[in-house]
Structures are given as C-alpha cells and as structure tokens.
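Residues 14 to 118 in our numbering are what the sequence shown spells out, letter by letter. Note that CB positions come from ideal geometry on N, CA and C, so glycine has one too.
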Amino acid sequence: MLEKLEECNEKCHINNNELHEKQKKNLISRLNKIEGQIRGIKRLIESDTYCDDVLNQISSSKAALNGVSKLILERHIETCVSEKLKSNDPTIINEFIKTIERILK
C-alpha cells in the first residue's frame, strides 16, 4: 500500500506547482477548521450540552470531512487514476472501486 502511495505521489501529487500548493493550503485550512470543530464537540460533551446540539455539531463536522474527501477524490481522479488508465494499468479499476466503497461507508 505504501509503495502505491509513493508511486502516486511521484507521478501525481508532489509536483510543487502553484495550483497544487494552493489546493494543499486549502485542504490544510479546511482540516484545521474541522480539528477546531472536533475540539468544540469534545467541550460540548464535557459541559453536558444538550444532545441535539452535540449531534448537530457532529453532523456539521462530518459534512466538512466529506467536503475534504470530495476534493481529494477529484484530484485523485484527475491525476493518479487518469494516468493509470492512460498507461493501461489493469489494477486501477479495482483499486478505485475499493476507494469509492470506503468513502461511501
């Protein structure tokens, strides 16, 4: 698995171009906000906040994480998956299906 990630990174992600850096900063910013939301949920639970309010915050955090997943998936399709399809790599379809299955759980 690590070898696949490194191969994908070499071909698709670690290219240090300006667009990639902007996307990376955007994702990190989103994740920092989500991290703050999670800490907020912890504080709500510690302070015995009304369950519905906690559940609403959890739902919001899950939606934010789904947004990050969608952006990364889009980038993965545009780069790694596309490159492997062009090179007729027969493993990409099964790998991609498994990725989608994990995301949809």
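Asked: My assumption, with CB atoms under 8 angstroms, is that K97 sits in contact with I105. Please give the rounded CB distance.; Found: 4 angstroms
Asked: According to DSSP, is N79 helix, strand or coil?; Found: helix
Asked: Are the beta-carbon atoms belonging to L40 and L84 less than 8 angstroms from one another?; Found: yes
Asked: Count the C-beta pairs between the segment 50–65 and the segment 85–95 that are closer than 8 angstroms, then say yes if the count reaches three, no if not.; Found: no
Asked: D102 by DSSP, collapsed to three states: which one?; Found: coil
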